[in-house]
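Residue 39 in our numbering sits at position 39 of the sequence shown, with consecutive numbering throughout.
Heads up, the beta-carbon is just placed ideally off N, CA and C, and yes, glycines get one too.
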Amino acid sequence: MSRFTERDALRGDEPALEEVERECFSDAWPGRFFAAEMEAPRRYCRVLVDSGGQLAAYLFCAWQYLDLHVLKVATRPGFRRQGLAHSLMESAEAFVVREGGETITLEVRRSNIGAQALYSTMGYSTVGTRPGYYADGEDGMVMTKMFTAREPLYDGYEHEKTG
Ligand SMILES: CC(C)(COP(=O)(O)OP(=O)(O)OC[C@H]1O[C@@H](n2cnc3c(N)ncnc32)[C@H](O)[C@@H]1OP(=O)(O)O)[C@@H](O)C(=O)NCCC(=O)NCCS
Numbered sequence: 001m002s003r004f005t006e007r008d009a010l011r012g013d014e015p016a017l018e019e020v021e022r023e024c025f026s027d028a029w030p031g032r033f034f035a036a037e038m039e040a041p042r043r044y045c046r047v048l049v050d051s052g053g054q055l056a057a058y059l060f061c062a063w064q065y066l067d068l069h070v071l072k073v074a075t076r077p078g079f080r081r082q083g084l085a086h087s088l089m090e091s092a093e094a095f096v097v098r099e100g101g102e103t104i105t106l107e108v109r110r111s112n113i114g115a116q117a118l119y120s121t122m123g124y125s126t127v128g129t130r131p132g133y134y135a136d137g138e139d140g141m142v143m144t145k146m147f148t149a150r151e152p153l154y155d156g157y158e159h160e161k162t163g
């Protein structure tokens, strides 16, 4: 990990992002989607580059109220199983805590056992499924991790109404 540097995704990274994206996803984003995300408000867009400046991994997220939603996370095939995605997700978690967010949520393909293993080892739980979520009809599993101890919505007792 020490030979990698984490930084914000920057305009100009699109060609490298597009290249890695095509190696990682059947429904790859074009570069202009990455550019639009970098310029949109309330985003968290980070990359890891190696000592030679090669883009090795990236994480693109968008705030949805107090939830940081993971739009994309990927590691270039030659750089996998070195903790890069884990490291980017850890940084996102620290960011959510710093910003007073409550959760990180993502969708993952039902067949993507590797990514599910990554999220499970980091404490993400499957909270639902979205049938046919992906363009090819595959279901999305919704996984989330909570960073604040929230009051339970209903604790079984009647309370006096306030407000
Ligand atoms: C899923 C993905 C992002 C993981 O990236 P990575 O940098 O290789 O992951 P890490 O090295 O940080 O993995 C950390 C841990 O997650 C788990 N894990 C990650 N990939 C795994 C795999 N293919 N199979 C099983 N467990 C896996 C392991 O516990 C791993 O620790 P270990 O290597 O010590 O066993 C990468 O495989 C990828 O880019 N896949 C294609 C795109 C994709 O599916 N993105 C996720 C969309 S939801």
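Exposed or buried, which one is residue i when buried takes at least 16 other CB atoms within 10 Å?
i	result
Ile113	exposed
Met101	In the sequence under discussion, the amino acid at residue 101 is Gly, which differs from the Met named in the question. So Gly101 ends up on the buried side.
Glu99	exposed
Phe25	exposed
Asp180	Nothing about residue 180 can be read from this structure; the chain reaches only from 1 to 163.
Thr75	buried
Residues in the same chain with beta-carbon distance under 7 Å from residue i, minus the five sequence neighbours each way, listed in chain order, please.
i	result
Tyr44	Cys61, Leu68, Ala92 and Phe95
Leu118	Ala85 and His86
Glu138	Arg109, Arg110 and Ser111
Between which residues of its own chain and residue i is the CB-CB distance below 8 Å, once the five residues before and five after are set aside?
i	result
Gly140	Glu107, Val108, Arg109, Arg110, Thr129, Arg130, Tyr133 and Tyr134
According to DSSP, simplified to helix, strand and coil, what is residue i?
i	result
Ser125	strand
Ala74	strand
Ala85	helix
Leu59	strand
Arg130	strand
Which residues in the same chain as residue i place their Cβ atom closer than 6 Å to its Cβ, once the five residues preceding and following it in sequence are excluded?
i	result
Val73	Leu59 and Ala85
Thr5	Val49
Gly123	Lys145
Trp29	Glu21
Quick one, which of the options has its alpha-carbon nearest residue i's?
i	options	result
Gln54	Pro77, Phe147, Gly100 and Ala28	Pro77
Lys145	Glu138, Leu48 and Gln116	Gln116
Ala16	Arg81, Ala56, Arg80 and Trp63	Ala56
Glu90	Thr121, Asp27 and Asp136	Thr121
With distances taken between CB atoms, is the gap from residue i to residue j smaller than 8 Å?
i	j	result
Met38	Arg11	yes
Gly31	Glu18	yes
Ala9	Phe34	yes
Arg81	Asp50	no
Thr103	Val142	no
Val97	Phe147	yes
Trp63	Arg46	no
Is residue i close to ligand 2? I mean its beta-carbon at under 7 Å from any heavy atom of the ligand.
i	result
Leu55	This structure lacks ligand 2; the ligands present are ligand 1.
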